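In my numbering, the protein residues as written are 1499 to 1688.
Read through the structure below, which is laid out as structure tokens, and then see the notes.
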């Protein structure tokens, strides 16, 4: 028997979707879900689903148990983690000050062609001796000829040096984007 001869369709009936609907302030008249090739293909009432299903479909009575969509961790920063593996390591276990961050970035920039990006990751402002975030000017001192992107250990803050800000089009005149902030020097506005 070839794999193509196997019918892998599945019909889930007598499903409780109301619990999930109430959590979303919605009204769903769904008690059946048709799954084909591992994906939800149709939703409806049990009677509609049974009438529409083809031969050989496996039917499971869910006994009014809630059906939850696939457990997908869409906030796990896999790509950011992969990127950090080749970045300058600025985690607290190896760097305890802004001077240490600058030294690490300066070392990488020395072997990076001018104009090429230097990526650094893992700093924690609370673990630094200065108890503050590095600034663009700190990073400018470390790598004035390379754009530098320094990512906070949380992944929710990034510090760019002047060449990086220029490369991405951020200037003194750039407005803040909704949901983001651009920290500026309070005296100069830069």
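Even for Gly, the Cβ is constructed at its ideal location relative to N, Cα and C.
All of these numbers come straight from a predicted model, not from anything done at the bench.
N- and C-terminal bounds of the beta strand (DSSP E) containing residue 1606: Segment 1596–1608 is the alpha helix (DSSP H) holding residue 1606; no beta strand (DSSP E) there.
Residue 1642 versus 1612, 1618, 1666 and 1512, residue with shortest Cα-Cα distance: 1612
Under the three-state DSSP convention, the category residue 1556 falls into: strand
Length of the line joining the Cα atoms of residue 1559 and residue 1578: 41 Å
Pick from 1680, 1516 and 1541 that is closest to residue 1633, judged by C-alpha positions: 1680
Top-ranked residue by Cα proximity to residue 1653, from 1565, 1536, 1621 and 1552: 1621
Of the residues 1629, 1646, 1627 and 1626, the one placed nearest residue 1635, counting alpha carbons only: 1646
Beta-carbon proximity of residue 1509 to residue 1547, cut-off 7 Å: yes
When 1672, 1589, 1658 and 1605 are compared against residue 1626, the one with the closest alpha-carbon: 1589
For residue 1604 and residue 1595, the rounded distance between their alpha carbons: 14 Å
In DSSP terms, what residue 1619 is bridged to: 1587 and 1649
Same chain, Cβ closer than 8 Å to residue 1658, neighbours up to 5 away in sequence not counted: 1634, 1637, 1645, 1646, 1647, 1648, 1666 and 1668
Contacting residues, own chain, Cβ-Cβ under 6 Å from residue 1640 (five flanking each side not counted): 1600, 1603 and 1604
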